[in-house]
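Asker: Protein chains in written order, with my numbering: chain A, 3 to 252; chain B, 10 to 489. Okay, handing you the structure first.
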Amino acid sequence: MLTIENLKAAAGDKEILKGLDLQVNAGEVHAIMGPNGSGKSSLAHILAGREGLDVTGGSVSFNGNDLLELEPEERAAVGVFLAFQYPVELPGVNNTHFLKEALNAQRRNRGEEELDSVAFMKLVREKMELVSMKPELLKRQVNAGFSGGEKKRNEILQLTLFEPRLAILDETDSGLDIDALRTVSKGVNAVRSEERAIILVTHYQRLLDYIEPDFVHVLADGRIIRSGDKTLALELEKKGYNWITDSEAA
Amino acid sequence: MSNATELAEFTEREYEYGFVTDIEADSAPPGLNEDVIRQISGRKSEPEWLLEYRLKAFAHWQQMETPEWSSVHHPPIDFQKISYFAAPRKKDGPKSLDEVDPELLRTYEKLGIPLDEQKALAGVAVDAVFDSVSVATTFRKQLAEAGVIFCSISEAAQEYPDLLRKYLGSVVPHTDNFYAALNAAVFTDGTFVYVPKGVRCPMELSTYFRINASNTGQFERTLIIADDNSYVSYLEGCTAPMRDENQLHAAVVELIAMEDAEIKYSTVQNWYPGDEHGVGGIYNFVTKRGDCRGDRSHISWTQVETGSAITWKYPSCILRGDDSVGEFYSVAVTRGRQQADTGTKMIHIGRNTTSTIISKGISAAEGQQSYRGLVRIAGKAENARNYTQCDSLLIGDRCGAHTYPYIEVKNPSAKLEHEATTSKISDDQLFYCRSRGLSEEDAISLIVNGFCKEIFNELPMEFAVEAQKLLSVSLEGAVG
């Protein structure tokens, strides 16, 4: 599904990714862990098409598309979804309206029929139950005045609503209490399926107690320096990142 | 796409409504003197008092200087190069749409003004002003049954001279300001509305203005009187075809609300803003003022200003009656080289008077805009209240927003609040929207419409939809 080969990227003069390889197949859940500043979030944003991060080499192929050639909205339409670490506030923009416009823009782009208001409301209500979101949040402005937990739930609501082929969760667990973490995980597990892949970018093993990954990768200094199964995360939790980064250096 | 190319594309967008209707105009030669004014008045067979009023205004105007206090910049206007009268050829007014020049109707069609049965179903009466003379009026009969007078100012001069004489210039005197004095001298046509006591006007009244003939100044005069305990909602919409030379539009609008009466006045203005170099475009220098003359009267101005090279207007309320209410809701968009200096004046004279000002300014490309507002609480205005909110939204980094609020309070019981914000559409917001599948233009439109929502809520339904569409069109490609 997703093949990243020798990906290099920079922000201004600063090299962020220095030749990253990653293969993600449909049905798999990959956790990407690593110390602060290792390039985890940058990788997530590059995949979603953020401007200001320059890809200087390598390739990213997604279901036969050259992902790097696509505009962010085209990536959304082909099924790439990024759950933001810091979801952005859109003052004045009604949340329901936003979700409906976004979903229909994706559908339009794929040549699918748009949902009318009735069909959309039915769908969104179903999905909201899944993430235990209060119905009032639909009437509010997009993320404006939301608590940290509400913002993350709103991201997961979008994940369940858009049903992307590849979901990238950028530190979705940060700033969540245990209850919110459980709800968010429930939403993610609910979309887990044979045709969908999930990349979890996280600092902590904690999230992986709720969403069990098939693969764990350690990203350090712009490269994946070790890959393994979920036991790698447990080991990291015990020994810290230095355990690997030092051994790599040695 | 880079910022620069996007912005360039955006500023190079052609004006969608830029076409010229090929109708021979019956124009007066350029120039302004007493003879021209006598000619204007004579053609309309105006009563003697009206000619005297015009001449008095002209004499006063000649003593006045062009105002220079606002933030707008333009080369000096040669008032002798302007033709002060242009009317479609047809001499006698048409009795029905069938008699209207088909070329005119096609023009309106291109503008999407449905001057036909569709509009009838929508329940809107249209008094279409083409250049300076009304060419079609619908629903006159239905309104007449309710006792509402809705006609052109010229007709009012013939048929309701007493009403016209009583109220004309009673809110905006001919000495008020340079452009108001000019208008009083040379106004060619406009709309007259009188809603009698106790009548709720059965439909929204609507006027579309157009400026068509080259080098023709348009001097509209609008007078709306809502007598005791009556209600009227008036919609004004404007688009104009493309011209290379700047065209002057100096209108005067007067509203009078008597006891317990309410007037809602809504404007969507989309005149030609000029090309990417700032050439051409309408100079929109307008004096709009409402007089809450009676106790518990209510006047509300709502405007969406997206067009014109220069907009200079301050729809205001004089809150004379006790417990009267004045409101000003505004969205102004400047892009390309557009300039806008707009705002309001709320003059509190009566007791327990309340005013609300909500102004939303959006600047893109090299657009410049100023909010200029005055809230004055007179000595006898016990318990006056004002709430003012001025929000500016910047798109790109070459535009500007300026706020000049003036507050004069002469009564210690007054309560005033003023809030102001300036924000910019951030790259983060755009990326967030785009990563959800929205195109950049849709994202901007979504954010801008969210920013303006409070104002659009004040517009009548069909106008709100039009305003949103207009806003999206005017901001296409505004950000890189």
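Every residue gets a Cβ at the ideal spot worked out from N, C-alpha and C, and that includes glycine.
1. Identify which residue in Ser444/B, Asp451/B, Ala193/B, Cys399/B has its Cα closest to the Cα of alanine 429/B.
2. Is isoleucine 386/B near alanine 423/B, with beta carbons less than 7 Å apart?
3. Below 7 Å between beta carbons: does that hold for alanine 222/A and serine 444/B?
4. Under 8 Å Cβ-Cβ, which residues of chain C neighbour glutamate 103/A?
5. Using a C-beta to C-beta distance shorter than 7 Å, which residues of chain A count as neighbours of lysine 462/B?
6. Looking at chain B, which residues of the region 72-100 of chain A have a Cβ within less than 9 Å of any of its Cβ atoms?
7. Between arginine 52/A and chain B, is the shortest Cβ-Cβ distance under 7 Å, so that the two count as touching?
8. Run through chain B and tell me which residues come within less than 9 Å of alanine 107/A, C-beta to C-beta.
9. Considering only DSSP beta bridges, list what threonine 184/B is partnered with.
10. Expressed to the nearest angstrom, what Euclidean distance is found between the alpha-carbon atoms of glutamate 74/B and glutamate 475/B?
11. Listed from N- to C-terminal order along the chain, which residues in the region 152-176 of chain A have their beta-carbon within a distance smaller than 9 Å of any beta-carbon of chain B?
12. Between glycine 199/B and chain A, is the shortest Cβ-Cβ distance under 7 Å, so that the two count as touching?
13. Would you verify that the beta carbon of tyrosine 441/B is, or is not, closer than 7 Å to some beta carbon of chain A?
14. Isoleucine 416/B by DSSP, collapsed to three states: which one?
15. So, using beta-carbon positions, are leucine 447/B and alanine 79/A closer together than 7 Å?
16. Taking Cβ-Cβ distances shorter than 7 Å, what residues in chain B pair up with asparagine 111/A?
17. Quick check on glutamine 72/B: buried or exposed, where buried means 16 or more other Cβ atoms within 10 Å of its Cβ?
18. Quick check on leucine 180/A: buried or exposed, where buried means 16 or more other Cβ atoms within 10 Å of its Cβ?
19. Counting only beta-carbon separations shorter than 7 Å, does glutamine 48/B have a partner in chain A?
20. Is it right to say tyrosine 415/B is buried, meaning 16 or more other beta carbons lie within 10 angstroms of its own, or is it exposed?
21. Starting from tryptophan 321/B, trace the beta strand (DSSP E) both ways and give me its first and last residue.
22. The beta strand (DSSP E) with methionine 355/B in it runs from where to where?
23. List the endpoints of the continuous alpha helix (DSSP H) containing glycine 287/B.
24. To the nearest angstrom, how far is the alpha carbon of glutamate 30/A from that of glycine 409/B?
25. Mind pulling the chain A residues with CB within less than 7 Å of aspartate 304/B?
26. Have a look at leucine 41/B and tryptophan 70/B and give me their C-alpha separation to the nearest angstrom.
27. Since proline 211/B contacts alanine 155/B with CB under 8 Å, what's their CB separation in whole angstroms?
28. By Cβ distance, which residues of its chain are closer than 6 Å to arginine 516/B, with the 5 residues on each side in sequence left out?
29. Assuming threonine 311/B is part of the alpha helix (DSSP H), what are its boundary residues?
30. Cα-Cα, which of Trp321/B, Phe472/B, Gly199/B is closest to leucine 244/B?
31. Give the range of the alpha helix (DSSP H) segment to which threonine 397/B is assigned.
Answerer: Looking at the atomic coordinates:
1. Cys399/B
2. yes
3. no
4. Going by chain labels, chain C is absent from the structure shown, which instead holds the protein chains A and B.
5. Gly94
6. Glu73, Pro74, Glu75, Glu76, Arg77, Ala78, Ala79, Val82, Phe83, Leu84, Phe86, Tyr88, Pro89, Val90, Glu91, Leu92, Pro93, Gly94, Val95, Asn96, His99, Phe100
7. yes
8. Arg445, Gly446, Leu447, Ser448, Asp451
9. Threonine 184/B pairs with nothing; no bridge assigned.
10. 38 Å
11. Gln160, Phe164
12. no
13. yes
14. strand
15. no
16. Gly446
17. exposed
18. In the sequence under discussion, the amino acid at residue 180/A is isoleucine, which differs from the leucine named in the question. That one is exposed.
19. no
20. exposed
21. 319-322
22. 348-357
23. Unbroken run through glycine 287/B: none, as it is neither H nor E.
24. 50 Å
25. Those within 7 Å of aspartate 304/B in chain A number zero; the least Cβ separation is about 36 Å.
26. 11 Å
27. 5 Å
28. No information on residue 516/B is available, as it lies outside the stretch 10 to 489 that chain B covers here.
29. Per DSSP, threonine 311/B belongs to no alpha helix (DSSP H); it is in the beta strand (DSSP E), 307-314.
30. Phe472/B
31. Counting along the chain, threonine 397/B falls outside any alpha helix (DSSP H), though it belongs to the beta strand (DSSP E) covering 394-404.
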